[in-house]
Every structure is written in structure tokens, then in C-alpha cells.
Amino acid sequence: MHYLSTRGGIAPIGFSDAVMMGLANDGGLLMPAEIPHIDAATLQTWSTLRFQELALEVMTPFIGADIPRSDLRMLIERAYAHFTHPEITPVVDVGTLKILELFHGPTAAFKDVALQFLGNLFEYLLARTGGKLNIIGATSGDTGSAAIDGVRGKAGIEIFILHPKGRVSPIQERQMTTVQDANVHNIAVHGTFDDAQNIVKALFNDLPFKAAYQLGAVNSINWARILAQTVYYFYAWGRVTGGDISRRLNFAVPTGNFGDVFAGHLARRMGLPIDRLIIATNRNDILTRFVHTGIYASGDTVHQTISPAMDIQIASNFERYLYDLYAGDATQIRALLADFQQTGRLTIDAQHHQQVQTDFAARAATDIETLAQIQATAADSGYILCPHTAVGVHAAHGQPDCVCLATAHPAKFNDAVCNAIGHEAPLPLSLQGLMEKEPRCIALPATVAAIKAHLEATLIPIAS
Ligand SMILES: *Cc1c(COP(=O)(O)O)cnc(C)c1O
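What the sequence shown shows, in numbering that gives the first Met the number 0, is residues 0 to 463, in sequence order.
Structure, rendered in C-alpha cells:
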């Protein structure tokens, strides 16, 4: 399988190179040159496989000869060895709802499903080339811990995660800083999340520094993350329908950067009987407005909500969908994105908009509606939703045959849960005892110079 850029500016590359490149060198996103089609008989066979075996089958056509099958099997087994549920991503019945629980990984968030795989994949690919990777990222609290856990103790990898000092929740801070592996470096900056993110961007824009220190990212644009997330759509369909090919399902997806919902779209393009994907957003509703109007226009500012992992202004994976919608026409994508860059909006034509409305439904929830949903579901069935999941369940209303993706364990967001139902959700095993563990973190000024000096003191540059 070969990979191309959505902007048409790179020569075709294989899967391993696509994983190591992350963002395409021309600024676009990497996409497979074609999407494999899975026939009905194969889907039926897949419907009984355990999660890890299914992952092997779903991923294989995208990887081709790049990784021998036995090695891929080992990487997948390792990735999911630390999940606390034997099914990895079980579907549970909650009253009349079907909830796909994606939070049984080490940090109790759905990002573990992709990042536990990506960490193992990076280590494997680096070992083949003798290369090194220094991951640097900024977090407002939620994704840092999943990234850290994905690469802790991995050979050839160091990870530096910046967070705004004193501005992440105590549990999130401890999740990151109590990891004892020597390759994990937590930096609390005296500033805001935006300060931290701007520092990381500045380091990536300093191309000589980036090359000398082999800096890389683990953000949601890496193709391997999309691929790993595609697996649970197949898994859920198999569990819910028992492999009955005549049954089409809808999925409600709490959406921020469009990675998760794009994985669902990919599964549908591969032939999985999915009817609608329901894009669920909070008050940051750029994607909901797009589905309704055909106009993708950034709002004035990012609103802080009680579902913080979905507080985004621009959805970084959206370009992948556009590229597929326009049948891989990179010239059109470049034109649309140029519009967006210049005016803050892009508009698709009526015919393509019609396709968007066939592919997706969309609904936004306010914080008040989110709390009401947590409250209503708890009252109906005793089941506690995390606020992100509640946004999805709210959006799913009235849709038949709908599976709602649960993207985080409710105990990670106990402030919101308490607000809604008057008591906390019990901590899962992975989050217990964190406050008693020893934190390891250094505090630095929120300046590019300070972070750069710290990296220079910690890492050895490669000779150029
Ligand atoms: C990241 C995240 C989301 C949004 O997923 P995208 O792939 O960015 O759309 C939703 N819920 C939780 C809990 C998350 O961590």
C-alpha cells in the first residue's frame, strides 16, 4: 500500500515511512492511495474474532509487506496487553442504548487504543533503522498522559510533555508526572496551555533544530492512529449484529479533531454496513455547522466547556475527509484550503454537500444539555457517562440502531459528574493510588529559549 498527501506534494511512500513522517512534508495529511474493500463473507468471518485478531485483519491491507504478519501480530498483542477489559473495547447495553466503551486502557481514555499501538510501532520501526525519536508535545491535561503511557520505557524514544503549571486537574497532573520511566520528561511551564503549544510550534518551525534533535509529534494526524481506531467500529458491528450483513448501524461520535469519526468513515468506505456517523460536538461546533450548511468556518474563539478534549477551533483530520469527498483531487483540496487560510471559511458545492448529509448527521450540545444527559442516563439506568460521551448520547437521540462511543471514563471528569448527579464516579483501578505516588516534573519559564536549553542539555544532537 502506498500513501499520498492530501495536497499532492509528495512522491508515494510506504506505510512505515508514512508513520514516521506524521504530517506530510508538504503540510498535507497522508492518505492511502486506495481504500481496500472487504466483502460480505469476510465481514461475517471477522464478526467472531477477538479484538486483537480483528485488528490484525483490518490493518494488514494498509500495511502490506512493510511489516511481516507475525511481527504485526506481536505489536498488536503488546499494545493491548495492558487493557483492563478482556474484550478491549466492549459494547454494553445501557437501557435501550448501546455504549462502545473505549476507556479500558492504561489512562482511561479512548486515545489509549491508538497510542498504545503507536508507541509499540514507533519502537519497532526505529529498531529496524537504528533511528531515534524525540517526541515533544503540549497538553491541556487530557492527551498528555495517553501519549506518555504509549511510549514509556520504549527503546529509542524520549518524550517531553509540556503542561501549564497548576492549570491541569490534580489527577491529570499525577497521571503524567508519576510515570517513573527514564525516557519520560514532564515540564510544567509557568504559563497557559496556549503558551506551551506556541513553544512546541516554534520548536517544530525551527527546522535545523528539529532535524538535529530528531523531534517528532504524536498528535492525532498520524495515519497509524486512524488505522488503530478503525478496528473498534468493525468490532462493535460484529458484536451488535452477530455478523448479519443486512444490519446497518449508526454511530454517535464525540468529536474534536475528527480523528475518531474519520476512522468510522474509513470503516464504512471499506464496506462495513454503517449508515450514518453522528458527529457530536460541544459549543465548539465548527463541524456541526459544516454538516448543516456546507460551510466550514472557524469561530471567533475556542470556548472552554466541560468536555475539554473537544474544545477545538479547527479539526485537524477534517482535510482527510475533504480529500476523500473530492475523490482524491489534491488540486481542489489546495484551492479549498487556500480559501480557508485567507478568509477563515471554505464552502463546498451543493452536490458534495448532499453527500456530506448522507454520510453524517451532526448535533451540538451545550454544557447544560451535557449535564442534563449525564443526569438522565444515570437516573434511567444507573450508568454514569463522562461529559464527552454524554455529548454523543445527546446527539444520538431519535436515531435507531445507534452505537454511542464512550471516549473517557467518567471518573476522569468527576467535577462535571458531581455537578450532574451529586456524587463522584468510582475510580477505575488504573487511576487509584495516584495521589500517593511520587511526582517527577521540572518547572521552567514559558519561553522558547528555556525549553530549547533544556532539550539541548538533555539530548545528544545527531551529527549533520
Ligand atoms: C480526543 C478526545 C475526543 C475527540 O476525538 P477526536 O478524534 O479528536 O475527534 C473525544 N473525547 C475524549 C475523551 C477525547 O480524549
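Just so you know, even glycine gets a beta-carbon here, dropped at the ideal spot from N, CA and C.
{"query": "So is the beta-carbon of V260 under 7 Å away from any non-hydrogen atom of ligand 1?", "result": "yes"}
{"query": "In whole angstroms, what separates the C-alpha of V416 from that of I373?", "result": "7 Å"}
{"query": "Which same chain residues end up closer than 7 Å to A17 when comparing Cβ atoms and leaving out the 5 residues on each side of it in sequence?", "result": "Y2, L29 and W222"}
{"query": "Hey, quick one: how far does the beta strand (DSSP E) through V217 stretch, first residue to last?", "result": "That residue, V217, is in no beta strand (DSSP E); it is neither H nor E in DSSP."}
{"query": "Spatial neighbours of A235 within its chain, please: C-beta separation below 6 Å, excluding the five flanking residues on both sides.", "result": "V90, L99 and V402"}
{"query": "Less than 8 Å between the C-beta atoms of I273 and R247, yes or no?", "result": "yes"}
{"query": "Would you be able to state if there are at least three C-beta pairs under 8 Å between the region 27-41 and the region 317-333?", "result": "yes"}
{"query": "Is S144 buried or exposed, if buried means 16 or more other CB atoms sit within 10 Å of its CB?", "result": "buried"}
{"query": "Would DSSP call E100 helix, strand or coil?", "result": "strand"}
{"query": "Relative to the C-alpha of D180, which residue among V167, Q174, G152 and N218 is closest?", "result": "G152"}
{"query": "Taking the Cβ atom as the reference point for each residue, do V355 and V290 lie within a distance shorter than 8 Å?", "result": "yes"}
{"query": "Does the beta-carbon of T139, which I'm using as the reference point, lie nearer than 7 Å to any heavy atom of ligand 1?", "result": "Inspection of the sequence shows that residue 139 is occupied by Ser rather than by Thr. No - ligand 1 has no heavy atom lying nearer than 7 Å to the Cβ of S139."}
{"query": "Taking 8 Å as the limit between beta carbons, can you name the residues of its chain near G343, skipping five residues before and five after?", "result": "A296 and S297"}
{"query": "Can you have a look at A32 and say buried or exposed, based on whether 16 or more other CB atoms are within 10 angstroms of its CB?", "result": "exposed"}
{"query": "Is the region 58-67 in contact with the region 250-258, if contact means three or more CB pairs nearer than 8 Å?", "result": "no"}
{"query": "Hey, quick one: how far does the alpha helix (DSSP H) through I225 stretch, first residue to last?", "result": "W222 to T240"}
{"query": "Are the beta-carbon atoms belonging to D141 and P307 less than 8 Å from one another?", "result": "yes"}
{"query": "Quick check on the burial criterion: 16 or more other C-beta atoms within 10 angstroms. Buried or exposed for Q115?", "result": "buried"}
{"query": "Measure the alpha-carbon distance for V301 versus K411 and round it to whole angstroms.", "result": "22 Å"}
{"query": "Within 10 angstroms of its Cβ, does Q341 collect 16 or more other Cβ (buried), or is it exposed?", "result": "exposed"}
{"query": "Using 8 Å as the Cβ pair cut-off and three pairs as the minimum, do the region 223-231 and the region 151-165 touch?", "result": "no"}
{"query": "How far does the beta strand (DSSP E) with M30 in it reach, from first residue to last?", "result": "L29 to P31"}
{"query": "Tell me whether A154 sits in a helix, a strand or coil according to DSSP, three-state version.", "result": "coil"}
{"query": "Which whole runs of the alpha helix (DSSP H) in the region 68-119 are 4 residues long or more, in chain order?", "result": "68-78"}
{"query": "My output table needs one value for V390: the three-state DSSP class, helix, strand or coil.", "result": "helix"}
{"query": "Short of 8 Å in beta carbon distance, which residues of its chain neighbour I37, apart from the five on each side in sequence? Order them along the chain.", "result": "W45, M269, G270 and L271"}
{"query": "Do T406 and ligand 1 come close, with the Cβ less than 7 Å from some heavy atom?", "result": "yes"}
{"query": "Short of 7 Å in beta carbon distance, which residues of its chain neighbour T254, apart from the five on each side in sequence? Order them along the chain.", "result": "V260, I278, A279, T280, L286 and M309"}
{"query": "Closest to L117 by CA distance: which of A107, I147 and T95 is it?", "result": "I147"}
{"query": "Rounded to whole angstroms, what's the CA-CA distance from L21 to G215? Just pull it up for me.", "result": "Residue identity differs from the one stated: residue 21 is Gly in this sequence, not Leu. Roughly 8 Å between the two C-alpha positions."}
{"query": "Beta carbon of P253: closer than 7 Å to some heavy atom of ligand 1?", "result": "yes"}
{"query": "In whole angstroms, what is the alpha-carbon distance linking Q161 and A364?", "result": "For the record, residue 161 in the displayed sequence is Leu; it is not Gln. C-alpha separation (whole angstroms): 30 Å."}
{"query": "Less than 8 Å between the CB atoms is what I'm expecting for T304 and R288, so what's the real figure, rounded?", "result": "Not a contact, Cβ separation roughly 16 Å."}
{"query": "Please name the residue, chosen from D323, D65, T41 and Q431, that lies closest to I12 on a Cα-to-Cα basis.", "result": "D65"}
{"query": "Shortest alpha-carbon distance to D366 belongs to which of V390, I158 and G190?", "result": "V390"}
{"query": "Could you tell me the alpha carbon to alpha carbon distance between A424 and L404, rounded to whole angstroms?", "result": "18 Å"}
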